[in-house]
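Numbering (the numbering used here), first residue to last: 908 to 1071. Heads up, the thing below is written out as structure tokens.
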Amino acid sequence: MKNIILGIAVLFALIACERCPKDEVQTDEITKVENVLEKYVIAIENEDYLMIENLWDKGDSTMLLGTDSHERLMGWKSIRNAYQNQFNLLSDTYISVQDQYIRINCTANTAWFSQRMNYNFIYDSIAHSFEGIRFTGVLVKNEDNAWKMVQGHLSVPAHINIGK
908 MKNIILGIAV
918 LFALIACERC
928 PKDEVQTDEI
938 TKVENVLEKY
948 VIAIENEDYL
958 MIENLWDKGD
968 STMLLGTDSH
978 ERLMGWKSIR
988 NAYQNQFNLL
998 SDTYISVQDQ
1008 YIRINCTANT
1018 AWFSQRMNYN
1028 FIYDSIAHSF
1038 EGIRFTGVLV
1048 KNEDNAWKMV
1058 QGHLSVPAHI
1068 NIGK
């Protein structure tokens, strides 16, 4: 009887340790997150508010940190308003992405990413270009098994001339 209980305990321990998805599941989920991030860029370039809305979680804990220290947008309503303001101010936006890095957690329900972007746009009839903007964030799967952005952070590289 003791051996049976020990055998069952070992079996449960082995099953519990096998909770990480296989490589093909990880690869499939990374591809899905890549698609969300690509749709995000396309939505910004096309000023497609509805597409952006479909990519973000609508919760109050959703957060977007901007490039200035005071730009901390909490909740979907604040993020939505920021995008609406951006679309009213900028035009002809073109974004190129480099160095995209995506990771998925062991249970394949949370993803985090980082990427660099070159951001080109027209503001007040003048062309602007920012190179090397870093965009990082977190996505989670919702109850419909769809990836949604829950946190994002944009930062501009500092050009510090140390020793000059």
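We put the beta carbon where it would ideally sit given N, CA and C, even for glycine.
I'd like to know whether the C-beta atoms of residue i and residue j end up nearer to each other than 9 angstroms.
i	j	result
Arg-979	Glu-960	no
Met-958	Gly-1059	no
Met-1056	Tyr-947	yes
Asn-1025	Ser-1003	yes
Asn-1027	Ser-1036	yes
Leu-1046	Trp-1054	yes
Ala-950	Gly-973	no
Gln-1007	Glu-941	yes
Ile-1033	Gln-933	no
Tyr-1001	Glu-1038	no
Please name the residue, chosen from the options, that lies closest to residue i on a Cα-to-Cα basis.
i	options	result
Leu-944	Trp-963, Asp-975, Asp-930, Glu-931	Trp-963
Ile-937	Phe-994, Thr-1014, Phe-1037, Ser-1036	Thr-1014
Asp-859	Glu-954, Asp-975, Gly-982	Residue 859 is absent from the structure shown; the chain starts at 908 and stops at 1071.
Ser-985	Lys-939, Leu-996, Val-1063, Lys-965	Lys-965
Give the range of the beta strand (DSSP E) segment to which residue i is assigned.
i	result
Lys-984	Where Lys-984 is concerned, there is no enclosing beta strand (DSSP E), although the alpha helix (DSSP H) it sits in stretches over 983-996.
Asn-1025	1017-1030
Which residues mark the beginning and the end of the alpha helix (DSSP H) in which residue i is found?
i	result
Val-932	930-952
Glu-1050	Unbroken run through Glu-1050: none, as it is neither H nor E.
Glu-960	956-962
Quick check on DSSP: helix, strand or coil for residue i?
i	result
Glu-1038	strand
Ile-1067	Here Ile-1067 scores only 49 on pLDDT, less than 50, and its place in the model should not be relied on; the value that follows carries that caveat. Ile-1067 falls in the coil class under three-state DSSP.
Thr-974	coil
Gly-1059	strand
Ser-968	coil
Thr-1014	coil
key: Cβ contact (3+ pairs, closer than 8 angstroms) linking the stretch 1014-1028 and the stretch 1037-1053   = yes
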